[in-house]
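Participant: The following block contains the structure, expressed as structure tokens.
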Amino acid sequence: MKSGDHAAIDVPESSAVAKGKAPLIGSQREQKSGVNKGLGIADFLLRLGAIAAALAAAATMGTSDETLPFFTQFFQFEASYDDLPTFTFFVIAMALIAGYLVLSLPFSVVTIIRPNAVAPRLLLFISDTVALTLTTAAGGAAAAIVYLAHNGNPNTNWLAICNQFGDFCQTVSGAVVASFVTVVVLVVLILLSGFALKKR
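What the sequence shown shows, in my numbering, is residues 935 to 1134, in sequence order.
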């Protein structure tokens, strides 16, 4: 070996550098953790709003009842949510969604305390997707019945009943609106979870 030659030593690249990613320094890690913590706080607050909307939908539909002031000896004209299986399903589904959202609050708190934890965020992402499916199904089915109640269907001789049961129709319509508010909040929650998982 000549004196002018230099021995070359191969140093393996770290996995982060090999993938084209620079390792996070302390300030970057703290900034990333701060963003995730902010997402966790937003998640918790949105869940409180979704609980309120789901409970309002279930309670409003569950108390929908109207009896017309005129009746005969044999008939009393009354409209109630339990006269229609779709509305009964709606009440059960929205009550289940409200219960799920209450149970999900501790996991949401974990995402605030441990903003970089993946498992609770992934669990919420999957569970919220299932909850969104159930809420959309209940709200969509109830909306179809409310439409028929308002407009009827001449082709099948289904008469609109909202001309007679105005208060009942107004109440069930409000319940359907509250369910779609729950749908919107669940969509936002899923987007937040997806964004938080991507940030990791």
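By construction, the Cβ of each residue, glycine as well, lies at the ideal position given by its N, Cα and C atoms.
Tell me the rounded alpha-carbon separation between Lys1017 and Val1044.
Facilitator: The sequence shown places Asp at residue 1017, rather than the Lys named in the question. Spanning the two alpha carbons is a distance of roughly 42 Å.
Participant: If I measure Cβ to Cβ from Thr1116 and keep anything under 7 Å in the same chain, skipping five residues before and after, which residues do I get?
Facilitator: So the list reads Ala984, Ala987, Ala988, Ala991, Ile1031, Thr1069, once near-sequence residues are dropped.
Participant: Leu1131 to Leu1123, Cα distance in whole Å?
Facilitator: 12 Å
Participant: Output the distance between the C-alpha atoms of Leu1125 and Leu1056, rounded to the nearest integer angstrom.
Facilitator: Whole-angstrom Cα-Cα distance: 12 Å.
Participant: Is the Cβ-Cβ distance between Val1106 and Phe1021 less than 8 Å?
Facilitator: yes
Participant: How many angstroms separate the CA atom of Ser1038 from the CA atom of Met1028?
Facilitator: 15 Å
Participant: So, helix, strand or coil for Asn1097, using DSSP?
Facilitator: coil
Participant: Would Ala1094 and Asn1085 qualify as a contact pair, given that the criterion is a beta-carbon distance under 8 Å?
Facilitator: In terms of Cβ geometry, Ala1094 and Asn1085 form a close pair [threshold 8 Å].
Participant: What is the rounded straight-line gap between the Cα of Gly1108 and the Cα of Ser1042?
Facilitator: 29 Å
Participant: Below 8 Å between beta carbons: does that hold for Ala1083 and Cys1096?
Facilitator: Yes, the Cβ-Cβ distance between Ala1083 and Cys1096 is below 8 Å.
Participant: Gly972 to Ile1046, Cα distance in whole Å?
Facilitator: 8 Å
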